[in-house]
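Accompanying notes for the structure given below.
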Amino acid sequence: MPKVTVLMPVYNAAKYLHEAIDSILNQSFRDFEFLIIDDGSTDNSRKIIESYNDPRIRLIINDTNLRLIATLNKGIDLARGEYIARMDADDISLPKRIEKQVDFMDKNPKIGACGTWVKTFGESTGVNKYYTKSDDIKAGFLFNTQMAHPSVIFRASLFKERGLCFDPNFIHAEDYELWTRIAPLTEFANLNKILLYYRITKNNISNQYAKTQRTNASLIQERELKKLGLRPGKEELLLHRALLKPSDYTTQNYLAEIEKWLLKLSKANHKIKIYNIESFDKIISNRWLEVCYANIALNQNTWKILQQSPLSKNIELGKRKILKFMVKNIFNSLCK
């Protein structure tokens, strides 16, 4: 049996499929099966896959279009590897991705799922750096997913022994829902290396179905808040969701409202201890810093407000970050 099953659903992905397949077949780690499930493609995807003569490729054809979640669950059932590594049909895995993830998982048996940092390219570029320690990752789940789904490798036994699968009720946020659901059962990690190039196109799920994704992500956040013993009202939910993009919600009272909400979250966790207290308070403080930085233009006293808040005691402010904050503060003051 192979050590790893690389699971890649495909649906009308002909444009970038060669790059994705080549990036897996050219991995430095060789002991894997490449489980490609074509979900009823109507373009040349199937022809492209069949053009490869590599015994590691295991092609499965869905009779009908099952959609992504059902195809992923089917792939988990069919996987023969000790580990299952996710891959999307328009992304690129760097040559040592699987090697480094397998090595890490072998050395850390308590870790059930491990992602990596990713570099985005295409319509937009950047580097997505995720928390690397399990306690930080779990605490971060209160706000959003903390793992890039196509970069994740996980233990097949974690799923198969417990009958776990992706929940079809959380379409376009199925990974976020799954990680939060299994958080009490296992530990997480992200390697602090860029091992996947994540392609941004107009056809990305996050672009095509942004509203559905936001709605389902909000349901997950509400579920996480209930674990803290909180039953947030409409206004508090709006504040919590706004923390994902603080610059989108800018009012004069915004800083005070956010500070009050974040302090409420911290108090609830200190009481119930759902999340590691040190990790949670650090992440809460980092959110506070992001909000203050995004809203400098609203209030010339933002730097003072930041420093005087109880939330600031856990902020790790390096010289570079302080300078960046103060320069923006001065610039906005001069522009008024």
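With the first letter of the sequence shown counted as 1, position 323 gets the number 588 in the numbering used here; the numbers rise by one all the way through.
Note that beta-carbon positions come from the ideal geometry of N, C-alpha and C, so glycine has one too.
As the structure is a prediction and not an experimental result, all values here were calculated from the model.
Contact between the region 417-436 and the region 499-507 is absent, with fewer than three C-beta pairs closer than 8 Å. Boundaries of the alpha helix (DSSP H) harbouring residue 441: 439-447, taken from the DSSP string. Between residue 365 and residue 458 a beta carbon distance of about 7 Å is seen, short of the 8 Å cut, so the two are scored as contacting. For residue 362, no beta strand (DSSP E) encloses it; the enclosing alpha helix (DSSP H) starts and ends at 362-372. Secondary structure of residue 358 (DSSP, three-state): strand. In this model, residue 349 and residue 385 are separated by some 23 Å (Cα to Cα). Under the DSSP definition of a beta bridge, residue 273 partners with 301.
Under DSSP, residue 382 shares a beta bridge with 459.
Excluding five sequence positions before and after residue 430, the CB atoms of its chain that fall closer than 6 Å to its own CB belong to 338, given in chain order. Ranked by Cα distance from residue 535, the first of 546, 526, 525 is 546.
In the DSSP assignment, residue 545 falls within the alpha helix (DSSP H) that extends over 542-559. Burial state of residue 556 is buried, judged by a 10 Å Cβ sphere holding 16 or more other Cβ atoms. Bounds of the alpha helix (DSSP H) holding residue 482 are 475-492.
In its chain, beyond the 5 residues on either side, 576, 579, 580 have a beta carbon closer than 6 Å to the beta carbon of residue 550.
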